[in-house]
Structure formats: structure tokens, C-alpha cells
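4 protein chains.
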Amino acid sequence: MPTKRQTEILEKSILLIAEKGIQGFTIRNLAKKVGVTESAIYRHFKSKVSILCTILENFNNILVEFIKKLDHVELSSLDKIEYIYKNHIQEFIKNPALVSVLFAEEIFKNEKELSLKMMNILNINQDNFEKIIECGQKKNEMRNDLDKTQLALIVLASLRLMVKKWELTRYSFSLETEGAKISHTIKTLLRK
Amino acid sequence: MPTKRQTEILEKSILLIAEKGIQGFTIRNLAKKVGVTESAIYRHFKSKVSILCTILENFNNILVEFIKKLDHVELSSLDKIEYIYKNHIQEFIKNPALVSVLFAEEIFKNEKELSLKMMNILNINQDNFEKIIECGQKKNEMRNDLDKTQLALIVLASLRLMVKKWELTRYSFSLETEGAKISHTIKTLLRK
Amino acid sequence: MPTKRQTEILEKSILLIAEKGIQGFTIRNLAKKVGVTESAIYRHFKSKVSILCTILENFNNILVEFIKKLDHVELSSLDKIEYIYKNHIQEFIKNPALVSVLFAEEIFKNEKELSLKMMNILNINQDNFEKIIECGQKKNEMRNDLDKTQLALIVLASLRLMVKKWELTRYSFSLETEGAKISHTIKTLLRK
Amino acid sequence: MPTKRQTEILEKSILLIAEKGIQGFTIRNLAKKVGVTESAIYRHFKSKVSILCTILENFNNILVEFIKKLDHVELSSLDKIEYIYKNHIQEFIKNPALVSVLFAEEIFKNEKELSLKMMNILNINQDNFEKIIECGQKKNEMRNDLDKTQLALIVLASLRLMVKKWELTRYSFSLETEGAKISHTIKTLLRK
DNA sequence: GATGAATGAGTCTTCATTCAT
DNA sequence: CATGAATGAAGACTCATTCAT
């Protein structure tokens, strides 16, 4: 159970990373943003890495939770993919700072612990798409001539690159509109 | 014309970034790798940013050159896409360190000059795919029911994510084999 | 309100400049003199320039305060000039290091902020002498045939050069004695 | 006998000091200004200090020469002082960069050799004024009630401060006009 | 005479972290 | 809970100088 301060520190960390990138994510900057001393941060987290770690863990939990719930959603496989796109995109619109953290594998290279967590999130996402596609192919809702793993990668990759471009262009286009277009294209490609 | 030392510094820089990420790309580490003093580096490049800049510029030039030559390649649009995939993948296999640098948009956030160069490379790639797809659609070699921009993004994104995963798993699978699979899948999806 | 450490740093800075000149006023040397790490200095001042800035500001404040009080001193103009000479000289004797800082306009050339502060102190001093001379000429306590601005410059210049020589000769003569002589000479020159 | 290059280096050094102060007087900057490599400088002078040394020596020689010639000038003591003022001022107008070097005792603090040379120039100047005043007092061309040493200091100090202010204000007033005023004032003060 | 490459000490400054209070 | 003071390692970069060519 995180304390209030811990939650605050995590939130402000994400904001900070979004604003200034990982290079700007320093304890000093974080402390300033939270409005406490640098040493105060260490009451709540034992190190900078542990903050990043917790952020990734939290995100991982949310993702797992979301995927669990997906099982009970009554939609065709194609619609499920569209649904995931929409859901993810809405999350990113609500909290654009997430993008910087979640798509920044590069950044966590140094710390084994972090890079494993990062890779894990990537895999969970791809596995999820894979299962949905497998199911769709079995139910004959999708084309059957292509391998589910490759398709899952394509689906995930497209979402990622679009969101990444949205961030790199400083949110210069409507992620919702473009996301809808891509998800429509993807659906059409996968359809029988 | 770069001197021998400049070339060496650029190469070692790419290697260093691949090994330790941008956070590990310090003048100190670079000097150690090159086998000279830190100050010696500054005889050859006026700043750290200028090293990164040159790396991106060089890559950009190679990319532009490659795309120029593509015009004279006698292939169908679909085969051209496959050809690009193969070519890029071979480059990455030859020089795996490149991946870290080229797919690390996050990293250059702070430096305007660098992030623009980064974005530029991304755009050149996507535009290239877009033109090929446009041409393929006109020539009726590809499906015509979907927008070229979306398709180009999907094509590019898939290449990127696969290569990224290859790097994140420390080159644990054959990029050539997986690349062939993905490019086959992509071709099948785009086919009429 | 400066903290104890801040005061100490300011004092040691002045001493350091007096000993080794501005070229020797480095954070490293300062830290050594204060007996802390270099980084510790930065807890108390945000930069080296801000240390110099504070020194000049403090001196400026003291000077302004001194001049304010002069209005309430019941002395003839000539005696006031003598009084100022004595006062300044006593300050320099108390804190010889000040000389190096205050008469070193050359040094602050690079930093706009500092050179302006420097020039300001010079002007305040000259203006002060000018006003006293103006007043003395009106009250007929001084010769009236010469311009107050020129006379003020001469009065100030003489004080400065004497003090400077005192410093350059490593305090080899009694500033008090020589100061008394000069101020006597100046008074005689200005007298009706 | 200095070579052409040596002379050039000396001249460019003075210019450089005038432009950027002593802190900007680096071998790198000097080499750039001369249009050669840094190492080339060391063909002509064995060190940076030796350049400064030569500059001061040259100036010293010129000064000594000038003073020697003064003996043969047929002027009253008061007019001689005016003549010296005029002459020095014209030199500074011709070569404003000299001011930065000559009035920057602070700067040479670290190097014994340099600071002695500096002090020497100061003394030569004051001695010269002193002798002229002594002579003037003997010939009854000047007031006799004040000590020659003090008066010499006042005469020298006034010239110095005026020129210094001229430099600090970036040559914002006519040194010739102001110099004439000061020298007139000085003459009036010294007159019987 | 001059260059190009290099060095080693030093510049200011920032970082994550610790610890006494 | 939080602060304030400190540390030591590291950051990018500059400096005067040397030396082989």
C-alpha cells in the first residue's frame, strides 16, 4: 500500500520525465516538483531506481488487470483489438506523460532490473494481442493464412509508433482521430 | 572528409551507446574506449553533441543515398518493400550498435538540433514507404482500399519493433529469419 | 540574512582573492580554504559569480549606508573629505583583502552583472565627493575657481592609488600615516 | 631584436587583452587572432608569461626613453606636467588596448616577475613627476608648501583614474577633452 | 617555421546519496 | 516526517604546454 506521499512522488516523477526526459529526472528536480527537500524523497523511496521500478510495476499491474477484464468483454476478436487501441489511446490522452516512460526502453538499459520489467510489459502486450488473434483465427473471424505472432507484432508496433510520433511532435495531432484510422486499417488488414 | 581519428571516434561512440546507452555515453568513457585522454577527443570534435550530430547526419546521408538508388531498382512495389527490409536488417546485423542510436528518440529530447535530425530520419523512412505504396496502388500491385499513410506507418513500425526487440533481447534470435517472416507477412497483408 | 557558512564563504573568498588574485579564486581553492568539499560550496551559493556578486553588493550597501550617515556629520566640507579618507583607510586596514576586490575593475570585465556593480561603486564614491565639494564651494569653505567634477576625481584617484600601492608593496608602509599626509595635502590644495 | 612574428604576437596579445580581458588572453585565442596554430606561438615565445613579460618590458623601455627626452624639452615644470599628460593620453588614444594591460596590476599578482615589472613602471612614472615637481618648487614655478611625493602621487593618480574610467565606460567620452580639463585643474592646483 | 595530436591538471557544476538533528 | 549540510564521484569542457613530423 503506497502512502499518499509515495503516490505523489510517483505521479510527479512521471510528469517530470515527460517534461524533461530521463536526463531531467533528477532527485533535485523531483524534490522541487514535490515541494520537499531532496533528502525527504529518501524517506519514501530507497533510491531513484526504486522509484522507476515502482512506476513500471504499477503500470504492469494495471495492464495485467486490464487484460484480465478483457476476457469478460463480449466482442469479436477484431473489435477487441479496436477496443484495446481505444482504451490505450484514452489512457495516453489522459496522461500523456506515460508515453515517455513506457516507450523508452533505451533509458533503462543500464539497470538490469528495470530493463527486465520493461521487456516484460512489452511481452505481456504482445502475448495479449497474440491470444486474441489466435482466438479470432480459430473462430474464423480473421484471416487464417498468417502467423499470429507476426500479426500480433504488427498490431502492437503500429500502436506504438503512432503514439511515439504523437509525443515526438509534441501532441500536434489528434491521437484519437489518427488512432481510429490506424485501428480501422489494422482491422481491415486482418479481416477475412 | 573525416580524419581517421574522427571516424574512429564516431565508431567507438556508436559502440559505446550500444553497450551502455546514452547515459553511459560520456566523454570519459569514450576517451577510455578510444584509448586517449578526454581532452584529446576535443581536438576532433568540438563537443559531445557534435559527435551525436555527426552520427545522425552520416546515417541520414546513407539513408538518402539508399533511397535515391531505389528508384533505379527494377522491382514491384511489394518486392521493393521486402528489399528495403532485407537491406536495413543486413545493415543492423553488420552494425548492431546502430539500433541503439537510431531508435532512441527519447534520448535526444533535450537537444533541439538532435531531436530534429532524429525526427527527420523517421520521416524520410515513412515517406519512402508511402511513395512506394502509392506507386504500388496506382500500378494495381497492391490493395487499393486502404490509405497509403496508414499502411506506410504500419510497415515502418513493424520493422522498428522487431529490430528493437532483437536488441532488447540482446540479439537472442536471428534477425534475418524473423525479418523474412515479418516481411512476408507484410507483403501478404498488402497484396491485392 | 546570510547563514554562518555563507558569511564564512564570503570572508574566505575575499581573503583568497587578496592572496592569489582572481585567477586563484577557484571553487577548488575556496573549498580548501573553507575546509569542505567543492560541492558543499554549492549548497550555499548557486554559482561562483553569485559569490562575487554578493561581495560587491555587501560592499555597496555598506558604502551607501556610510554616505547616508555623512549627512548628519557636523563637519566642514574639507574636514568631511578628511573624515572619509580616514574612515575608508581604517576599513582597509581592518580588512586589507578588500582592496584586491574593490580596485580590480579589470577582473570583472567578462561578467556584465559584475562589471556594472563595480562601476556603480566607483560612481557612488565620486558622486559623494562631488556633492561635498559642491557644498563646500557654495559655503565658501573651498576654492571656487575649479570644477567640482574634476576635483572629485582627483580626490578619489589619490585615495585609490595610495591604497593600491599599499597593497602592491604588500602593506610595506603605514597606510594610516601616508593616508593622513595625502589627506592633508588634498585639503591644502582645496582650501581657499 | 624581435622578429616580425614576435612583434605581431605582442601586438595581437595587447589587442586580445583589451577585448576580452586577461581571462580571455589564452594561447588558443591568441593563436586564432594571429592566424597560426597554438603550438606555433611557442616557436616565438617560450611561455604565456614571457609574452606578458615582453609587453611590460617594451612599455617600460618606451617610458624610460620618453622620460630621458623630457630633460631636453624646454618647458616650465607646470607645462611639462601638462605635456606628459597630453603625450600619455595621445598614446592611449592611438592604442586603447594599452590601458587594459598597463592599469591591471591585479592581473599580474600571481607571477612575481610580472608584478615587479608592473610596480616598476608605476614607480618610474611617479618618480618622474616627483622630479619635475621638485625642480618646479626649486625654480619657484610651483607652490612650495606641499610635499613633492604627495603631489606626484596626486598627479599620477588623476591621470590613471581618468584613463581607467575612459576604458571602463568603453571610451564613451573624449579622453582628449577630459584630459585637458584635468591637466588644467592640476596645473591650477599646483600653481603658486 | 609551422602543424596536428596529445597530455594532465584544472575549470565550474551536478548528481545520488547519507546522516545528524 | 522533514531539513540542512555534507560528500565523493562524475559531468562536459578548457588550459598551457610538449613533441614528433
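Chains L, U, W and P, in that order, give the protein sequences.
Heads up, the first sequence stops at 1001 in the numbering used here, and the numbers go up one at a time, no gaps.
Heads up, the second sequence stops at 1001 in the numbering used here, and the numbers go up one at a time, no gaps.
Heads up, the third sequence stops at 1001 in the numbering used here, and the numbers go up one at a time, no gaps.
Heads up, the fourth sequence stops at 1001 in the numbering used here, and the numbers go up one at a time, no gaps.
Where a beta carbon is used, it is the ideal one built from N, C-alpha and C, also for glycine.
In this text, all values refer to a predicted model and were calculated from it rather than measured experimentally.
Check: Hey, is the segment 938–954 of chain W in contact with the segment 898–912 of chain W, meaning 3+ C-beta pairs nearer than 8 Å?; Outcome: no
Check: Using a threshold of 8 Å, state whether the C-beta atoms of residue 1031 of chain L and residue 856 of chain L are closer than that.; Outcome: There is no way to answer for residue 1031 of chain L, as the model of chain L reaches only from 810 to 1001.
Check: Looking at chain U, which residues of the segment 931–949 of chain L have a Cβ within less than 8 Å of any of its Cβ atoms?; Outcome: 931
Check: Using a Cβ-Cβ cut-off of 8 Å (strictly less than) and excluding sequence neighbours within five positions of residue 1000 of chain U, which residues of its own chain qualify?; Outcome: 887, 951, 952
Check: Quick one: any contact between the segment 872–883 of chain W and the segment 930–944 of chain W, if contact means 3 or more CB pairs under 8 Å?; Outcome: yes
Check: Just confirm the distance between the C-beta atoms of residue 889 of chain W and residue 941 of chain W, as a whole number of angstroms; I'd bet it's less than 8 Å.; Outcome: 5 Å
Check: Could you check whether the Cβ of residue 915 of chain W sits closer than 8 Å to any Cβ belonging to chain P?; Outcome: yes
Check: Any C-beta of chain L sitting closer than 8 Å to the C-beta of residue 833 of chain U?; Outcome: yes
Check: Report the rounded CA-to-CA distance for residue 1031 of chain P versus residue 957 of chain P, giving the unit in angstroms.; Outcome: Because chain P is modelled from 810 through 1001, residue 1031 of chain P falls outside the range shown and cannot be assessed.
Check: At a CB distance below 7 Å, what residues from the segment 883–906 of chain W approach chain P? Give them in sequence order.; Outcome: none
Check: Where residue 867 of chain L and residue 882 of chain L are concerned, what is the direct C-alpha to C-alpha distance, given to the nearest angstrom?; Outcome: 23 Å
Check: Which first and last residues belong to the alpha helix (DSSP H) in which residue 989 of chain W is found?; Outcome: 984–999
Check: Keeping to the same chain, check which residues put their C-beta closer than 6 Å to that of residue 913 of chain W; ignore five residues upstream and five downstream.; Outcome: none
Check: With a Cβ-Cβ cutoff of 8 Å, do residue 938 of chain P and residue 964 of chain P count as a contact?; Outcome: yes
Check: Just verifying my parser: in three-state terms, what is the DSSP assignment at residue 951 of chain L?; Outcome: strand
Check: With DSSP collapsed to three states, give me the class of residue 853 of chain L.; Outcome: helix
Check: Shortest alpha-carbon distance to residue 860 of chain P belongs to which of P/831, P/969, P/981, P/929?; Outcome: P/831
Check: So with CB distances below 9 Å, who are the chain W contacts of residue 909 of chain P?; Outcome: 915, 918
Check: By the three-class DSSP mapping on this structure, what secondary structure does residue 810 of chain P have?; Outcome: coil
Check: Distance cutoff 8 Å, beta carbons only. Does residue 967 of chain L sit that close to anything in chain U?; Outcome: yes
Check: By the DSSP assignment, the alpha helix (DSSP H) with residue 957 of chain U in it spans what residues?; Outcome: 957–977
Check: From residue 869 of chain P to residue 930 of chain P, what does the alpha carbon distance come to, in whole angstroms?; Outcome: 6 Å
Check: The alpha helix (DSSP H) spanning residue 888 of chain L covers which residue range?; Outcome: 886–903
Check: Could you check what DSSP says for residue 880 of chain U in three-state terms: helix, strand or coil?; Outcome: coil
Check: Is the beta carbon of residue 842 of chain P closer than 8 Å to that of residue 825 of chain P?; Outcome: yes
Check: Give a yes or no on whether the minimum CB-CB distance between residue 955 of chain W and chain P is below 8 Å.; Outcome: yes
Check: Expressed to the nearest angstrom, what Euclidean distance is found between the alpha-carbon atoms of residue 810 of chain U and residue 811 of chain L?; Outcome: 57 Å
Check: Between residue 918 of chain L and residue 959 of chain U, is the Cβ-Cβ spacing less than 8 Å?; Outcome: no
Check: Of all Cβ atoms in chain U, is any one closer than 8 Å to the Cβ of residue 878 of chain L?; Outcome: no
Check: Are the C-beta atoms of residue 836 of chain L and some chain U residue less than 8 Å apart?; Outcome: no
Check: Closer than 8 Å, CB to CB, is residue 928 of chain L near chain U or not?; Outcome: yes
Check: Within its chain, find whatever has a CB closer than 7 Å to the CB of residue 847 of chain L; leave out the 5 residues flanking it on each side and keep chain order.; Outcome: 836, 837, 840
Check: For a contact meaning CB atoms closer than 8 Å, what does residue 816 of chain P contact in chain W?; Outcome: Going along chain W, no residue has its Cβ under 8 Å from residue 816 of chain P, so there is no contact; the nearest lies around 25 Å.
Check: Identify whether residue 873 of chain W lies in helix, strand or coil by the three-state DSSP scheme.; Outcome: helix
Check: Whole angstroms is fine: what's the gap from residue 969 of chain P's alpha carbon to residue 897 of chain P's?; Outcome: 10 Å
Check: In chain order, what residues of the segment 968–990 of chain P put their CB closer than 9 Å to some CB of chain W?; Outcome: 968, 969, 970, 971, 973, 974, 976, 977, 978, 987, 990
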